[in-house]
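Chemist: In the UniProt record's numbering, the protein residues as written are 1 to 246.
Cβ coordinates follow ideal geometry from the N, Cα and C atoms, glycine included.
Since the structure is predicted, the reported quantities are computational estimates derived from the model, not experimental observations.
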């Protein structure tokens with residue numbers, strides 16, 4: 001059981017438990033000579049870790065271990081990336097999460113590469129997967145940002161684990177899906193597919209539904225139209241469409 005085509009998979013265990021595994025990768029983004037987007041290495045670690053954490057959290061699981069595969073030398077790049085990873089873990093409330101770390105010790109690459117995986121667990125009955133259905137509205141918290149838009153944006157304008165926790169605390173919210181490089185429309189259609197529904201976008205939209213959201217700078221969620229929650233903070237919240245019977 002899982003979300004095929006997404007960066008998260010669910011594996012059923014015995015006694016009503018399951019593992020949830022998510023991953024995210026980042027390449028050619030950093031401070032190295034051949035990087036295509038120049039941003040500080042700590043930010044690379046921070047945002048890549050955030051994506052994998054949010055994918056697991058959105059399913060209702062609790063992160064248990066994180067793998068950090070750094071395709072760069074341990075010093076200084078590896079250390080700088082890990083500083084960002086640890087900063088994100090502390091912000092997210094997982095300061096003591098177990099880390100499995102690997103760096104490139106044979107060569108000094110000229111381009112940054114990073115892969116982060118998170119394994120979590122939860123009871124099957126607590127999974128927040130495929131709980132949507134026809135009649136639900138589809139809403140977006142935050143806006144898609146990519147490239148330099150992310151680097152230049154205030155931290156408070158990008159969704160993080162605090163907002164995901166706030167959404168999870170709302171019993172009327174059914175599914176929560178971080179939006180990645182495929183954009184809002186692709187994620188909404190994927191969600192509809194897993195809930196035996198069709199996604200119908202609203203007629204008038206001020207946001208490009210096909211735009212990449214980079215390191216998951218926004219997230220979709222579903223709920224009945226009459227139960228749209230109030231979310232703290234300044235992140236924009238807008239409706240993008242609805243689910244109808246397939």
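How long is the line joining the alpha carbons of residue 245 and residue 97, rounded to whole angstroms?
Modeler: On the chain shown, position 245 is the one that residue 245 refers to. On the chain shown, position 97 is the one that residue 97 refers to. If I take the Cα positions, the gap works out to 41 angstroms.
Chemist: Rounded to a whole number of angstroms, what is the C-alpha to C-alpha distance between residue 230 and residue 240?
Modeler: The residue you call residue 230 lines up with position 230 of the chain shown. The residue you call residue 240 lines up with position 240 of the chain shown. Cα to Cα, residue 230 sits roughly 17 angstroms from residue 240.
Chemist: Using beta-carbon positions only, say whether residue 126 and residue 223 come within less than 8 angstroms of one another.
Modeler: The residue labelled residue 126 in the question sits at position 126 within the chain shown. The residue labelled residue 223 in the question sits at position 223 within the chain shown. Cβ atoms of residue 126 and residue 223: not closer than 8 angstroms.
Chemist: Would you report the Cα separation of residue 94 and residue 181, rounded to the nearest angstrom?
Modeler: Here the question's residue 94 lines up with position 94 in the chain shown. Here the question's residue 181 lines up with position 181 in the chain shown. Their backbone Cα atoms lie some 26 angstroms apart in a straight line.
Chemist: Specify the secondary structure class of residue 185 as computed by DSSP and reduced to three states.
Modeler: Within the chain shown, residue 185 is the residue found at index 185, counting from 1. Note: residue 185 maps to helix in three-state DSSP.
Chemist: Going along the chain, which residues of its own chain have a beta-carbon closer than 8 angstroms to the beta-carbon of residue 44, five neighbours each way excluded?
Modeler: By 1-based counting over the chain shown, the position of residue 44 is 44. Closer than 8 angstroms at Cβ, skipping near neighbours: 26, 29, 30, 81, 84, 112, 114.
Chemist: My understanding is that residue 144 touches residue 207, with C-beta atoms under 8 angstroms, so please give their C-beta distance in whole angstroms.
Modeler: In the chain shown, residue 144 corresponds to position 144, counting from 1. In the chain shown, residue 207 corresponds to position 207, counting from 1. About 7 angstroms; that satisfies the 8 angstroms criterion.
Chemist: Secondary structure at residue 200, three-state DSSP: helix, strand or coil?
Modeler: If you number the chain shown from 1, residue 200 lands on position 200. Residue 200: strand per DSSP, three-state reduction.
Chemist: Could you tell me the distance, in whole angstroms, from the CA atom of residue 196 to the CA atom of residue 86?
Modeler: Residue 196 sits at position 196 when you count from the first residue of the chain shown. Residue 86 sits at position 86 when you count from the first residue of the chain shown. Approximately 39 angstroms, taken between the alpha carbons.
Chemist: Do you know whose CA, among 99, 215, 75, lies nearest residue 105's CA?
Modeler: Looking up residue 105 in the chain shown gives position 105. Comparing Cα positions, the closest option is 75.
Chemist: How would you call residue 3, buried or exposed, if buried means at least 16 neighbouring beta carbons within 10 angstroms?
Modeler: Taking the first residue of the chain shown as position 1, residue 3 is located at position 3. Confidence is the limiting factor: at residue 3 the pLDDT is only 48, short of 50, which leaves the residue's position unreliable, though a coordinate-based value still follows. Buried.
Chemist: Specify the secondary structure class of residue 3 as computed by DSSP and reduced to three states.
Modeler: Locating residue 3 in the chain shown gives position 3, counting from the first residue. Only weak support exists for where residue 3 lies, its pLDDT of 48 falling under 50; the value from the coordinates is given anyway. Strand.
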